[in-house]
Amino acid sequence: MAPGRTLALPTAAAERWCQHVGGEVSHIAEATGFVNFELSFDPVQQQRVLSPSHCVITWSNRDKGRARYTSSLLSLRIVPEDALPEQIQVGVEVRGKDGESVLCGGEYLEFELLSLPSDAAKQSHLAVASGPVRVNPETKQREFMRIDLGRCLRQIVADVIDDPKHKGQKLCRQRWWICVRVLRLVCSANSLSCAALDEVGVAPLEWVLCILDERAAPRIAAAASTGTNEPSIDELAKFIDGGAKKAKPKKKPSAGARVIEVDAVGEKSGTEDVGVSDVPAMPRIASSRGAIRPAPPPGWSRTVDLAPSLIDAWRDLAGCDVRHVAESTGFVHFAVSRDEERKCREVTPSSYVLAFPRVAPGQRYQSALLTIKLVDDKFLEELGGARACRTPGQGDKASDSESLLFELFSKQDESVDMTPLRFTAGPVRINAETGQRESMRLDLGSCVHWATPDIVDGTLGGRQQRLLRQRWSVSLETLKLVCVANELDCSGLESKNGPPLEW
Numbered sequence: 147m148a149p150g151r152t153l154a155l156p157t158a159a160a161e162r163w164c165q166h167v168g169g170e171v172s173h174i175a176e177a178t179g180f181v182n183f184e185l186s187f188d189p190v191q192q193q194r195v196l197s198p199s200h201c202v203i204t205w206s207n208r209d210k211g212r213a214r215y216t217s218s219l220l221s222l223r224i225v226p227e228d229a230l231p232e233q234i235q236v237g238v239e240v241r242g243k244d245g246e247s248v249l250c251g252g253e254y255l256e257f258e259l260l261s262l263p264s265d266a267a268k269q270s271h272l273a274v275a276s277g278p279v280r281v282n283p284e285t286k287q288r289e290f291m292r293i294d295l296g297r298c299l300r301q302i303v304a305d306v307i308d309d310p311k312h313k314g315q316k317l318c319r320q321r322w323w324i325c326v327r328v329l330r331l332v333c334s335a336n337s338l339s340c341a342a343l344d345e346v347g348v349a350p351l352e353w354v355l356c357i358l359d360e361r362a363a364p365r366i367a368a369a370a371s372t373g374t375n376e377p378s379i380d381e382l383a384k385f386i387d388g389g390a391k392k393a394k395p396k397k398k399p400s401a402g403a404r405v406i407e408v409d410a411v412g413e414k415s416g417t418e419d420v421g422v423s424d425v426p427a428m429p430r431i432a433s434s435r436g437a438i439r440p441a442p443p444p445g446w447s448r449t450v451d452l453a454p455s456l457i458d459a460w461r462d463l464a465g466c467d468v469r470h471v472a473e474s475t476g477f478v479h480f481a482v483s484r485d486e487e488r489k490c491r492e493v494t495p496s497s498y499v500l501a502f503p504r505v506a507p508g509q510r511y512q513s514a515l516l517t518i519k520l521v522d523d524k525f526l527e528e529l530g531g532a533r534a535c536r537t538p539g540q541g542d543k544a545s546d547s548e549s550l551l552f553e554l555f556s557k558q559d560e561s562v563d564m565t566p567l568r569f570t571a572g573p574v575r576i577n578a579e580t581g582q583r584e585s586m587r588l589d590l591g592s593c594v595h596w597a598t599p600d601i602v603d604g605t606l607g608g609r610q611q612r613l614l615r616q617r618w619s620v621s622l623e624t625l626k627l628v629c630v631a632n633e634l635d636c637s638g639l640e641s642k643n644g645p646p647l648e649w
């Protein structure tokens with residue numbers, strides 16, 4: 147990656163982008179160089195701000211042996227979750243090896259790259275890399291911790307819009323987003339202060355961006371031409387681990403570079419789970435083909451590269467847009483609370499699209515719909531012909547008559563490729579020593595009541611299809627007993643004043 151530097155742009159190119167933003171654009175960088183930006187909290191606006199908000203990006207290519215330059219406008223802003231396009235997945239949980247996790251949502255950094263259509267055709271595919279700036283304690287040099295976000299996000303949205311300053315003309319637009327919570331997690335994992343996101347009068351959080359990482363560009367172009375995508379979130383996992391394997395700084399020949407580049411790559415290591423125990427597998431209901439699938443690295447809930455059609459297909463069955471997506475081997479995060487107006491408990495979110503890796507060649511994933519709801523135990527008696535399983539010591543009669551019902555729907559013809567379900571669950575707690583959020587994975591054993599799988603009709607993508615339905619339930623009493631045994635607050639199940647029970 148080349149260090150960023152000031153470039154002499156043709157006057158017409160610079161004026162066009164200044165006219166577009168309605169002011170001067172004083173920051174110019176090469177596409178292969180660094181764009182330094184800072185995040186801080188504005189006391190007047192009472193919100194987070196980015197600086198600079200605009201930067202002109204220059205691209206070089208050769209035409210008949212001569213160097214030719216084109217330009218783009220990169221705009222940076224902070225936007226709420228509601229401003230994201232529908233195809234952008236939210237609610238994904240990213241979890242570090244030390245147990246700390248974040249559920250992506252809230253505010254996002256939005257990056258918008260505008261180009262003239264004639265220029266966009268000459269520009270390379272984006273290969274975005276980004277990371278924080280840190281001071282190396284040994285060399286005292288400022289280092290840019292590099293991560294290939296082009297592979298990790300895979301959510302660059304491209305479209306064509308009208309040019310608001312030039313009637314009848316168009317602009318090619320590319321946008322991508324980074325959740326502010328992920329920035330916090332990265333900083334926390336690498337012992338960097340992110341107080342600037344919330345406090346006034348502290349040093350801004352400095353971040354670096356490169357939109358054309360020269361190392362990754364050939365691979366990105368090859369992937370785009372073949373239509374293939376590589377697994378990506380493992381790169382983010384290694385990065386957030388914080389450089390367990392000491393990285394060697396790579397000095398740049400130019401003395402004018404503000405930061406040097408360092409690959410933040412950690413050793414692969416698993417997560418320590420709280421109360422881990424083997425969970426008996428659900429009896430098989432189909433062919434054993436799926437059992438040969440190797441398990442992914444433990445401890446991570448990953449952003450899934452699902453085609454929009456695999457998500458939208460479940461809209462009719464779910465009764466709403468499903469905005470939460472997770473891998474079948476990842477984490478499904480939900481909360482149970484009390485709704486005083488409706489005088490009942492509720493589960494949020496109530497639906498997830500789960501991605502199951504495919505064994506057969508072709509498409510990398512197949513999708514299934516998981517719904518979570520609260521039902522009366524009388525319904526469970528009708529469902530399985532037996533009362534929901536009770537935890538020892540509860541007696542024959544229960545003071546609480548509700549259970550969590552999990553329903554997993556998948557296409558009948560795809561069910562043969564699915565691994566047998568192995569269900570673990572547990573509450574989220576705050577570690578008293580580290581202050582970090584941890585999920586307790588518990589073997590609920592006989593407290594999980596499995597119903598007999600069945601075949602039902604459902605609407606997918608506007609068509610009636612045969613679906614395999616798998617159902618299981620856990621009583622609220624079991625959840626309460628787990629909380630009491632671990633000194634966790636579950637008052638939110640009974641009162642709106644109590645915190646929601648996170649699971």
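Per my numbering, the sequence shown starts with residue 147, numbered consecutively.
Even for Gly, the Cβ is constructed at its ideal location relative to N, Cα and C.
Whole-Å CB distance - residue i paired with residue j, under 8 Å assumed
i: Q616; j: L554; result: 5 Å
i: T204; j: E176; result: 5 Å
i: W460; j: L515; result: 4 Å
i: P226; j: E253; result: 6 Å
i: L520; j: R488; result: 12 Å between Cβ atoms; not a contact.
i: P573; j: V499; result: Not really, about 24 Å apart at Cβ, beyond 8 Å.
i: L526; j: S561; result: L526 to S561, Cβ: 23 Å. No contact.
Nonlocal neighbours in the same chain, by C-beta distance under 7 Å from residue i, ignoring five residues either side
i: I518; result: F480, V493, S496, L550 and F552
i: R504; result: R510, Y511, Q512 and D563
i: S641; result: R484
i: P189; result: V346
i: A213; result: S206
i: E486; result: K642
For residue i, the residue or residues it bridges with in DSSP
i: P503; result: Y511
i: D141; result: Given a span of 147 to 649 for the chain in the structure shown, any question on residue 141 remains unanswerable.
i: D522; result: E548
i: K557; result: L613
i: E352; result: E184
i: F139; result: Absent from the structure is residue 139, since the part of the chain shown begins at 147 and ends at 649.
i: H595; result: S619
i: Q193; result: D188
i: I576; result: R583
i: G347; result: Note: G347 sits in no beta bridge, so no partner.
i: R208; result: A213
i: T178; result: DSSP lists no partner for T178.
i: I307; result: L317
i: E648; result: A481
i: C164; result: Paired residues: none, contrary to the question.
Own chain, CB closer than 6 Å to residue i, minus 5 neighbours either side, in chain order
i: K394; result: Low per-residue confidence applies at K394: pLDDT is 44, beneath 50, and the placement is therefore not dependable, though the value from the model is reported in the following sentence. The answer is none, since no qualifying residue turns up.
i: K414; result: At K414, the pLDDT of 31 sits below 50, so the modelled position is not reliable; the number obtained from the coordinates is stated separately. Once the five neighbours on either side are set aside, K414 has no close Cβ partner at all.
i: E239; result: S247, L249, S447, F477 and H479
i: P429; result: The pLDDT assigned to P429 is 30, lower than 50, so where the model puts this residue is not dependable; a value taken from the coordinates is nonetheless given after this. Closer than 6 Å at the Cβ level, and outside the excluded window around P429, lies no residue.
i: A160; result: none
i: C535; result: Model confidence at C535 stands at a pLDDT of 49, short of 50, so the residue's coordinates are unreliable; what they give is reported in the following sentence. Hits under 6 Å: S592, C593 and H595.
Whether residue i touches residue j by CB criterion (7 Å)
i: P350; j: S186; result: yes
i: P278; j: L338; result: yes
i: Q315; j: D309; result: yes
i: A275; j: C356; result: yes
i: P454; j: Q235; result: no
i: N577; j: V354; result: no
i: K311; j: Q165; result: yes
i: T605; j: R587; result: no
i: W618; j: V602; result: no
i: E360; j: T216; result: no
i: S172; j: E184; result: no
i: S474; j: P646; result: no
i: S218; j: S270; result: no
i: R194; j: L343; result: yes
i: V281; j: R288; result: yes
i: G237; j: R469; result: yes
i: R575; j: L634; result: yes
Spatial neighbours of residue i in its chain, beta-carbon cut-off 8 Å, leaving aside the 5 residues before and after
i: N643; result: S637
i: C340; result: L329, R330, C333, S334 and L351
i: K524; result: S547
Evaluate contact between the region 313-328 and the region 250-260, counting only Cβ atoms and requiring at least three cross-stretch pairs below 8 Å. With a cut-off of 8 Å, the region 250-260 and the region 313-328 count as touching, because enough Cβ pairs lie within range.
Three CB pairs or more closer than 8 Å across the region 467-480 and the region 618-637: Between the region 467-480 and the region 618-637, the count of Cβ pairs shorter than 8 Å is below three; the stretches do not touch.
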